[in-house]
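Residue numbers (my numbering): 8 to 219. Each residue gets a CB set at the ideal place from its N, CA and C atoms; glycine is no exception. One structure is given below, encoded as structure tokens.
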């Protein structure tokens, strides 16, 4: 069963399910108003989607309701400050690192229709013009409130900002300089997470049903 507000996505799912011989049901629904049947699913998955939802309390409550006794909820998502903003302490570090990068790594591939040079790392609130990370800082609190956390793996405290779709295409890991920068940023990323200096901008979580 797949739920989405986009009929084109659901139709693609139907085609793929038919090709693989999988029984498939597509439901067009606004996730903020979703209603699931009780105690019905062994597994519920939300991949990089929760950060687009406003009413995370309702969504988490519905997920908990629809899991059967041994069911699990699995997710990978982006628990940034709302709007995909960097927390102040994160932005300070990311901006300092960005300032010393060679200009070839400062070409944005998402800011405009064509790649454009960005002299300073920006901290943009994308929720002002879209549902991007509209309520992302409340993802983890909502899940922990309504479900029981079995696994929580934080990741990418700063690395998303250098290697995502905006600046990632600038890096060729076959080149010594590019790989050296990549490895240095990832090493710092792990250090900041391991020592709880910065908050994660990505996480993997597995949750089980909370009774009552």
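Bounding residues of the beta strand (DSSP E) (the contiguous stretch that carries residue i)
i	result
residue 53	48-54
residue 148	No beta strand (DSSP E) holds residue 148; the alpha helix (DSSP H) holding it covers 146-153.
residue 215	209-216
residue 35	33-35
Extent of the continuous alpha helix (DSSP H) run through residue i
i	result
residue 75	Element bounds for residue 75: not the alpha helix (DSSP H) but the beta strand (DSSP E), 74-84.
residue 20	14-27
Span separating the alpha-carbon of residue i from that of residue j
i	j	result
residue 108	residue 117	19 Å
residue 81	residue 127	36 Å
residue 17	residue 103	43 Å
residue 19	residue 202	43 Å
residue 79	residue 34	21 Å
residue 155	residue 122	44 Å
residue 218	residue 160	24 Å
residue 10	residue 56	11 Å
residue 53	residue 125	33 Å
residue 15	residue 137	19 Å
8 Å Cβ shell around residue i - same chain, five flanking residues per side excluded
i	result
residue 205	94, 96, 97, 100, 164, 165, 199
residue 73	43, 44, 45, 46, 47, 48, 51
residue 106	127, 128
residue 86	58, 143, 144, 146, 147, 206, 207, 208, 209, 210
Same chain, Cβ closer than 7 Å to residue i, five either side skipped, listed in chain order
i	result
residue 195	165
residue 69	41, 42, 43
Residue burial classification, residue i (beta-carbon count within 10 angstroms, cutoff 16)
i	result
residue 184	exposed
residue 119	exposed
residue 190	exposed
residue 25	exposed
residue 111	exposed
Residues near residue i by beta carbon distance below 6 Å, same chain, minus five either side
i	result
residue 186	180
residue 133	90, 91, 139
Hey, is the region 131-146 in contact with the region 88-96, meaning 3+ C-beta pairs nearer than 8 Å? yes
Is the region 143-152 close to the region 53-72, with three or more CB pairs under 8 Å? yes
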